[in-house]
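Undergrad: One structure is given below, represented as structure tokens, and several questions about it will come after.
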Amino acid sequence: MPIVYMLRHAQSVANTKGILAGQDNSVQLSKDGHKQAQMLAPYLSKLKINRIYSSPLTRCIQTIQPYMQLNPDLDFEIDERFIEMDYGIWSGKRLSALARDRRWRSVQNKPSTFTFPKGESFRSMRKRVDLALTELSKEKGVVLVVTHGDIIKMSLASALGLPIDRFQKFVAEPASLTVINLEKNSSTVLQTNYKISAEIVQKFKQNQLGGGNSLSASIKWWRR
């Protein structure tokens, strides 16, 4: 059974503006986002990753490019099931404006009942996440998935057998890692929303962190 590292893309221009990007493929990383991607590359290289799956969106591809330049022979595959939610006509709108819409309460508190106008339902998103994780559970070694915040949060709910309405309780910030020991009937969440700092990267470069990387040695927080 694999250890799955789920990486949310680095900071995007939409993140800096507080915009709900959705599946807009024109959204790119911000200047700070590119710096985050460069900082992630040497850290990820220590994880002995066997395979990478990525959302097809530009901001995810840009996030993993520096790492792939260091590891050009690694198996890499685009997987549409890890694409961001389709927010329909809400895509491109400011989160501050959407928060004033009465329907926003359903998004936050009862997502199982909500479908974005001309977009995707949370039930549909959960279904594709469940299918993707079921397939991943058959793999071995270490797998990296480069994806989006809501997809990571729903993956946590799925791995722990939690209902859709609990997925908003999790957090996955830009350039953060979430780690799941993925098993068919009993998955364990090892880490959530782990953010790499320049100090951590420097320690890895100097081989000062004994006993393996800090994520693989983490305490098991939750178990299904």
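Start counting the sequence shown at -12; every next residue gets the next number (our numbering).
Even for Gly, the Cβ is constructed at its ideal location relative to N, Cα and C.
1. Quick one, are the C-beta atoms of I138 and E71 less than 8 Å apart?
2. Taking the alpha-carbon positions, what's the T100 to V14 distance?
3. Which same chain residues, not among the five before or five after N180, have their C-beta less than 7 Å away from its C-beta?
4. What would DSSP say about R92, mapped onto helix, strand or coil?
5. Return the chain-ordered ranges of every alpha helix (DSSP H) run that is complete within the stretch 65 to 115 and spans a minimum of 4 residues.
6. In angstroms with no decimal places, state the Cα-to-Cα distance between A1 and S124.
7. Have a look at the DSSP bridge pairing and note the partners of F216.
8. Take every Cβ of the stretch 117 to 133, pair it with every Cβ of the stretch 32 to 41, and state whether three or more of those distances are shorter than 8 Å.
9. With a threshold of 8 Å on Cβ separation, who are the neighbours of L202 within its own chain once the five nearest residues in sequence on each side are excluded?
10. Identify the continuous beta strand (DSSP E) that holds K18 and give its terminal residues.
11. What is the rounded straight-line gap between the Cα of F191 and the Cα of F103?
12. Taking 8 Å as the threshold (C-beta atoms), are R81 and G136 in contact?
13. Residues in its own chain within less than 8 Å of L7 by CB, not counting five upstream and five downstream?
14. Would you say D66 lies against chain D (beta-carbon separation less than 8 Å)?
15. Ends of the alpha helix (DSSP H) at K140?
16. First and last residue of the alpha helix (DSSP H) that includes L34?
TA: Let me lay it out:
1. Position 151 of the sequence shown, counted from the first residue, corresponds to residue 138. Position 84 of the sequence shown, counted from the first residue, corresponds to residue 71. A contact, by the Cβ cut-off of 8 Å.
2. For this step, residue 100 is matched to residue 113 along the sequence shown. For this step, residue 14 is matched to residue 27 along the sequence shown. Here the C-alpha atom of T100 lies approximately 28 Å from the C-alpha atom of V14.
3. Here residue 180 is taken as the residue at index 193 of the sequence shown, counted from 1. Taken in chain order, the residues that qualify are V158, A159, E160, S163, T165.
4. As a position in the sequence shown, residue 92 is number 105, starting the count at 1. Reduced to three states, the DSSP call for R92 is helix.
5. Complete alpha helix (DSSP H) runs here, min 4: 82 to 85, 91 to 96.
6. By one-based count along the sequence shown, residue 1 stands at place 14. By one-based count along the sequence shown, residue 124 stands at place 137. The straight-line gap separating the alpha-carbon atoms of A1 and S124 is approximately 32 Å.
7. The structure shown does not extend to residue 216, since the chain spans only -12 to 211, so no value can be given for it.
8. With a cut-off of 8 Å, the stretch 32 to 41 and the stretch 117 to 133 count as touching, because enough Cβ pairs lie within range.
9. To locate residue 202, count along the sequence shown from 1; it is residue 215. The pLDDT assigned to L202 is 45, lower than 50, so where the model puts this residue is not dependable; a value taken from the coordinates is nonetheless given after this. These residues qualify, in order along the chain: Y(-8), L34, L164, V166, L177, Q178, Y181.
10. Residue 18 sits at position 31 when you count from the first residue of the sequence shown. Per DSSP, K18 lies in no beta strand (DSSP E); the unbroken alpha helix (DSSP H) holding it starts and ends at 18 to 31.
11. Mapped onto the sequence shown, residue 191 falls at position 204. Mapped onto the sequence shown, residue 103 falls at position 116. For F191, the pLDDT reaches just 48, beneath the cut-off of 50, and the residue's location in the model is therefore unreliable, leaving the point undetermined.
12. By one-based count along the sequence shown, residue 136 stands at place 149. By one-based count along the sequence shown, residue 81 stands at place 94. The Cβ-Cβ distance between G136 and R81 does not fall below 8 Å.
13. Counted from its first residue, the sequence shown places residue 7 at position 20. By the criterion of a C-beta distance shorter than 8 Å, L7 is surrounded in its chain by A1, Y74, W77, S78, G79, K80, R81, L82, L85, once the five residues flanking it on both sides are discounted.
14. You won't find chain D in this structure, because it holds only one protein chain.
15. Counted from its first residue, the sequence shown places residue 140 at position 153. Its alpha helix (DSSP H) spans residues 136 to 146.
16. Within the sequence shown, numbered from 1, the residue matching residue 34 stands at position 47. Neither: L34 is in no alpha helix (DSSP H) and is coded neither H nor E.
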